[in-house]
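Top to bottom, those sequences are chains E and P.
Heads up, the first sequence is in the working numbering, so the first residue is 73 and it goes up one at a time.
Heads up, the second sequence is in the working numbering, so the first residue is 73 and it goes up one at a time.
For glycine and all other residues, C-beta sits at the position ideal for the given N, C-alpha and C.
The structure presented is a predicted model; accordingly, all values stated were derived computationally and were not measured.
Protein chains: 2
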Amino acid sequence: MRRASVLRLGHRVPRDERASTHLALAARALGAEELIYSGDRDPELEAKIRDVVGRWGGGFRITYTDRPLEILRRYSGQGYATVHLTMYGVGINDVMDSILRREKVLVIVGGEKVPRVYFEEADYNVAVGWQPHSEIAALAIFLDRYFQGREVDTVDPYPPTIVPMKRGKLVIRPGSGGSDA
Amino acid sequence: MRRASVLRLGHRVPRDERASTHLALAARALGAEELIYSGDRDPELEAKIRDVVGRWGGGFRITYTDRPLEILRRYSGQGYATVHLTMYGVGINDVMDSILRREKVLVIVGGEKVPRVYFEEADYNVAVGWQPHSEIAALAIFLDRYFQGREVDTVDPYPPTIVPMKRGKLVIRPGSGGSDA
Numbered sequence: 073m074r075r076a077s078v079l080r081l082g083h084r085v086p087r088d089e090r091a092s093t094h095l096a097l098a099a100r101a102l103g104a105e106e107l108i109y110s111g112d113r114d115p116e117l118e119a120k121i122r123d124v125v126g127r128w129g130g131g132f133r134i135t136y137t138d139r140p141l142e143i144l145r146r147y148s149g150q151g152y153a154t155v156h157l158t159m160y161g162v163g164i165n166d167v168m169d170s171i172l173r174r175e176k177v178l179v180i181v182g183g184e185k186v187p188r189v190y191f192e193e194a195d196y197n198v199a200v201g202w203q204p205h206s207e208i209a210a211l212a213i214f215l216d217r218y219f220q221g222r223e224v225d226t227v228d229p230y231p232p233t234i235v236p237m238k239r240g241k242l243v244i245r246p247g248s249g250g251s252d253a
Numbered sequence: 073m074r075r076a077s078v079l080r081l082g083h084r085v086p087r088d089e090r091a092s093t094h095l096a097l098a099a100r101a102l103g104a105e106e107l108i109y110s111g112d113r114d115p116e117l118e119a120k121i122r123d124v125v126g127r128w129g130g131g132f133r134i135t136y137t138d139r140p141l142e143i144l145r146r147y148s149g150q151g152y153a154t155v156h157l158t159m160y161g162v163g164i165n166d167v168m169d170s171i172l173r174r175e176k177v178l179v180i181v182g183g184e185k186v187p188r189v190y191f192e193e194a195d196y197n198v199a200v201g202w203q204p205h206s207e208i209a210a211l212a213i214f215l216d217r218y219f220q221g222r223e224v225d226t227v228d229p230y231p232p233t234i235v236p237m238k239r240g241k242l243v244i245r246p247g248s249g250g251s252d253a
């Protein structure tokens, strides 16, 4: 079974709070096991993600590092393909077949300025298009292709049931035993 | 050739500024023609996106509406499939084949609370997984699948060339005639 971890470089408080929340939740929902982030330590971000994990299940982890380059090297040493998502990379359509041969990936997502060493040490510099857009979008497409679309089915095998009500909706989630009014 | 437009409901200033910027840039980079948004009008958001279009090319448009439901109905009347992305929907893996038969889509991306009428009037309520994550990630995966991965190749046929330099990097973009130091 494929495994993916995500390394997010250079998180900044408060500027990146929401973007990193989106990134972490997308990583979790799309099959990654963990987000490791560097930059500013952000206990609120961590609490928010752990709260989602507590309520929605799974074993997703969020951890801080002040030595992101060591993470890259350690995962590489453990057999992970290290994949740096950057618009200055090789097109995803040209490189995905090669990456799909690898059973584990560390996906590296940059901030504003990514030090040159990441371009040099990553196994792959991958562009999800050569246009400026969003690291959240790039990560989502990468994970969807890496897990070949199956990740959206496997995370929660019990889709919620919506019971229409006069006002609002009742959502029954069999996986959690609970419901949201 | 397939066509996609995106309708973003309930943009809030300042809370959604960055998320909507990511959403608009992802929509553009992933082959959509336009973003129409409702909620708070945000001239700064519009200026930011138009600036990217001016510098990076293409005909992407961003426009505001205070009648988003009329947009849904108008596009529907013009033959667009209306696809509401929501975690309370049918799994994307189960419904994508049907959507792929349609040549034009209006993708509807909600804010915090989407009025019931959108669930009722959209042709499809589609879940990109049944876990909470990010509308940016959901839109990215939807567009990648709708354009069958080709959108990342077609937006800019000339990938940038990176010339390694002692300090930083020189980026040459043949498509634009310019370079970023």
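Item: Top-ranked residue by Cα proximity to E:R173, from E:V189, E:V186, E:A153; Value: E:A153
Item: DSSP bridge partner residues for E:S77 (one or two, in chain order); Value: E:E106, E:L178
Item: Residues that P:T135 bridges to, as DSSP identifies them; Value: P:I108
Item: P:H83, DSSP secondary structure in three states; Value: strand
Item: Integer Cβ distance of P:I121 from P:I134, believed to fall under 8 Å; Value: 5 Å
Item: Range covered by the alpha helix (DSSP H) that runs through P:H94; Value: 89-101
Item: Identified DSSP bridge partners for P:Y196; Value: P:V155
Item: Which of helix, strand or coil DSSP assigns to E:G130; Value: coil
Item: Chain A residues whose Cβ lies nearer than 8 Å to that of P:S77; Value: Reference to chain A is not applicable here, since the protein chains of this structure are E and P.
Item: Per DSSP, cross-strand counterpart(s) of E:V162; Value: E:V198
Item: Residues of the stretch 199-219 of chain P with Cβ closer than 9 Å to any Cβ of chain E, in chain order; Value: A199, V200, G201, W202, Q203, P204, H205, S206, E207, I208, A209, A210, L211, A212, I213, L215, D216, R217
Item: is_contact[P:I180, chain E] using C-beta, thresh 7 Å; Value: no
Item: Buried or exposed by the 16-neighbour rule on C-beta atoms within 10 Å, applied to P:M73; Value: exposed
Item: C-beta atoms of E:L102 and E:I180 nearer than 7 Å; Value: no
Item: Counted within 10 angstroms of its Cβ, other Cβ atoms place E:D123 as buried (16 or more) or exposed; Value: exposed
Item: is_contact[E:P231, chain P] using C-beta, thresh 7 Å; Value: For E:P231, the predicted structure reports a pLDDT of 49, less than 50, and the residue's modelled location is therefore unreliable. The matter cannot be settled from this model.
Item: Sufficient close CB pairs (3 or more, under 8 Å) joining the stretch 80-91 of chain P to the stretch 156-164 of chain E; Value: no
Item: C-beta neighbour in chain P for E:L97, strict 7 Å; Value: yes
Item: Cβ neighbours of E:G182 in the same chain (closer than 8 Å, five flanking residues each side left out); Value: L81, G82, H156, L157, T158, Y190, E207
Item: Rounded Cβ spacing between P:E175 and P:F132 (contact assumed at less than 8 Å); Value: P:E175 to P:F132, Cβ: 19 Å. No contact.
Item: Cα-Cα separation between E:E116 and P:S148, rounded to whole angstroms; Value: 42 Å
Item: Contact list for P:H156 against chain E, beta-carbon separation under 7 Å; Value: Those do not exist, as P:H156 stays about 13 Å from chain E at its closest Cβ, beyond 7 Å.
Item: Test item: CB-CB of P:A96 and E:I213 under 7 Å; Value: no
Item: Min CB distance E:D112 to chain P below 7 Å; Value: no
Item: Short CB-CB distance (under 7 Å) between P:A194 and chain E; Value: no
Item: Backbone secondary structure at P:D169 - three-state DSSP; Value: helix
Item: Beta-carbon neighbours of E:I164, restricted to chain P and to distances below 7 Å; Value: V224
Item: Chain P residues whose Cβ lies nearer than 7 Å to that of E:V124; Value: P204
Item: is_contact[P:H83, chain E] using C-beta, thresh 7 Å; Value: no
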